[in-house]
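Take a look at the structure below.
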Amino acid sequence: MHVKNSEVTELPDGQKIHCLGISTSPRRNGNTSILLQRALEGASAAGAETELIYLNDYRFSPCLACDGCFKEGRCVVKDDMQLIYEKLLGTNRIILAAPIFSMGMCAQAKAMIDRTQRFWSTKYILKRDVIVDKEKRPTRKGMFISAAGSDRESIFDGSERVAKYFFLMLEAEYAGCYCYPSIDKKGAVLEHPEALEEVHGAGFALGRPQA
Ligand SMILES: Cc1cc2nc3c(=O)[nH]c(=O)nc-3n(C[C@H](O)[C@H](O)[C@H](O)COP(=O)(O)O)c2cc1C
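This is the structure we're talking about:
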């Protein structure tokens with residue numbers, strides 16, 4: 001088991017926690033989706049409002065590297081990523097769940113992350129804040145969940161780096177990686193109650209106002 005935890009900081013009184021879970025595996029109700037659902041249950045138990053989306057329900061192209069976002073920090077490609085941008089900007093907790101495919105994060109997750117290039121442009125080309133309303137969403141946090149068939153814990157290293165980059169672009173503090181090796185067949189994670197309990201606890205911690 002491969003776990004990293006984050007530091008915790010206070011949220012101001014009255015701050016409403018919204019926790020967005022993004023299931024990126026094309027295998028609906030597969031291992032990472034089950035882990036994500038448990039984490040969201042934990043966040044809900046802590047009082048957070050939760051939302052689960054399946055990336056496969058959205059139609060979007062990979063980044064075209066057109067540099068269209070260099071001008072205003074907006075993506076000029078009008079597809080379902082526009083809906084996902086709204087969700088990413090409008091939440092204060094993000095849980096990204098992505099399985100390991102071919103030694104890295106699945107292509108669906110990577111395609112979404114490449115499309116957040118508009119936030120990179122906002123930060124580094126336009127030198128503006130990504131989250132403008134800092135009063136409303138003062139401390140954003142992001143957690144990464146993964147599973148792999150292999151028994152090598154290092155299998156997650158590259159993907160965790162990508163997840164950290166994703167959260168950095170979204171101005172969300174990294175809240176840790178919950179990545180499980182040796183989990184392959186669909187639903188195999190159900191035979192690992194300790195993993196389910198662990199992500200539930202991580203979700204609970206993330207969902208608390210003071211997380
Ligand atoms: C196309 C594909 C490529 C995969 N490549 C790897 C790999 O390189 N290393 C590995 O450990 N597991 C690999 N796996 C196994 C998945 O990581 C594993 O089945 C995981 O539990 C899937 O999670 P999911 O049920 O959420 O999709 C691969 C699976 C698929 C479908």
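Per our numbering, residue 1 is the first one in the sequence shown, and the count goes up by one each step.
Where a beta carbon is used, it is the ideal one built from N, C-alpha and C, also for glycine.
Remember, it's a predicted structure, so these values are computed and weren't measured experimentally.
Please classify residue i: does DSSP put it in a helix, a strand, or coil?
i, result
"Arg-152", "coil"
"His-192", "coil"
"Tyr-85", "helix"
"Ser-23", "strand"
"Phe-144", "strand"
"Cys-177", "strand"
"Gly-42", "helix"
"Leu-170", "coil"
"Tyr-54", "strand"
"Phe-60", "coil"
"Gly-158", "helix"
"Gly-104", "strand"
"Ile-183", "coil"
"Leu-36", "helix"
"Arg-118", "helix"
"Leu-206", "helix"
"Ala-65", "coil"
"Ile-125", "helix"
"Ala-236", "As shown, the chain starts at 1 and ends at 211. That puts residue 236 outside it, with no answer to give."
"Ile-95", "strand"
Closer than 6 Å: is that where the CB of residue i sits relative to any heavy atom of ligand 1?
i, result
"Gly-21", "no"
"Thr-24", "no"
"Ile-131", "no"
"Asp-184", "yes"
"Gly-158", "no"
"Ile-53", "no"
"Asn-56", "no"
"Ser-154", "no"
"Asn-31", "yes"
"Ala-205", "no"
"Arg-287", "Within the shown structure, residues of the chain are numbered from 1 to 211, placing residue 287 beyond reach of any answer."
"Gly-90", "no"
"Arg-59", "no"
"Arg-140", "no"
"Ala-148", "yes"
"Arg-38", "no"
Any chance the CB of residue i is under 6 Å from a heavy atom of ligand 3?
i, result
"Ser-102", "This structure lacks ligand 3; the ligands present are ligand 1."
Less than 7 Å between C-beta atoms, sequence neighbours within five positions excluded: which residues of the same chain meet that for residue i?
i, result
"Tyr-58", "Asp-80, Leu-83, Ile-84"
"Thr-32", "Ser-23, Ser-25, Ala-97, Ala-98, Pro-99, Ile-145, Ser-146, Ala-147"
"Ala-172", "Ile-94, Arg-140, Lys-141, Gly-142"
"Val-77", "Ser-61, Leu-64"
"Asp-114", "Pro-62, Cys-63"
Only counting the same chain, and skipping five residues up and downstream in sequence, which positions put a Cβ closer than 8 Å to that of residue i?
i, result
"Glu-49", "Lys-16, Ile-17, His-18, Cys-19"
"Ile-100", "Cys-106, Ser-146, Ala-147, Ala-148, Gly-149, Ser-150, Ile-155, Phe-156, Ser-159"
"Ile-183", "Asn-31, Ala-147, Ala-148, Gly-149, Val-189, His-192, Ala-195"
"Leu-206", "Cys-19, Ala-39, Gly-42, Ala-43, Ala-46, Ala-48, Arg-93, Ile-95, Lys-141, Met-143, Ala-175"
Given residue i, which residues of its chain have a CB within under 6 Å of its CB, disregarding the five upstream and five downstream residues?
i, result
"Cys-75", "Cys-69, Arg-118"
"Val-199", "Leu-35, Arg-38, Ala-39, Tyr-178"
"Gly-187", "none"
"Gly-30", "Lys-186"
Exercise. Okay, do the stretch 32-46 and the stretch 64-73 touch, 3+ Cβ pairs below 8 Å being the bar?
Worked result: no
For this session: Answer yes if the stretch 19-31 comes into contact with the stretch 87-99, meaning at least three C-beta pairs across the two stretches below 8 Å, and no otherwise.
Result: yes
Exercise. For the 8 Å Cβ check, are there 3 or more pairs between the stretch 113-130 and the stretch 145-154?
Worked result: no
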